[in-house]
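So the mapping is simple: the working numbering equals the position in the sequence shown, first residue as 1, plus 104.
The structure appears below as structure tokens.
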Amino acid sequence: MEKKITLTIASRDFAINVDDEGFARILERDFGRFEGNRKFVDVKELLNAYVQRCYDTYADELQMKALTNDIKKALKIRE
Numbered sequence: 105m106e107k108k109i110t111l112t113i114a115s116r117d118f119a120i121n122v123d124d125e126g127f128a129r130i131l132e133r134d135f136g137r138f139e140g141n142r143k144f145v146d147v148k149e150l151l152n153a154y155v156q157r158c159y160d161t162y163a164d165e166l167q168m169k170a171l172t173n174d175i176k177k178a179l180k181i182r183e
């Protein structure tokens, strides 16, 4: 079921259609936290949030690589 989410950025409304209901809930939840329950954000806030999300993704990738290496090492020991 498609869900429409409206975000107001720099006094402009942007409608986003989301196919996945679970993702729509997460998007609304996270955006609500980011905007502090206001119904709008400015461009600087949005850019800061984007940069933070990019860093979080980078950190997650580093953790996944380290975990993958640990698993590979553990499997080689057992072989």
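Even glycine gets a Cβ: it sits at the ideal position worked out from N, Cα and C.
Which same chain residues, not among the five before or five after residue i, have their C-beta less than 7 Å away from its C-beta?
i: residue 220; result: Here the chain comprises residues numbered 105 to 183, so residue 220 is not present and cannot be evaluated.
Would you identify the three-state DSSP class for residue i, choosing helix, strand or coil?
i: residue 178; result: helix
According to the Cβ coordinates, are residue i and residue j closer than 8 Å?
i: residue 135; j: residue 111; result: yes
i: residue 105; j: residue 125; result: yes
Could you pull the start and end residues of the beta strand (DSSP E) that residue i belongs to?
i: residue 117; result: 116–122
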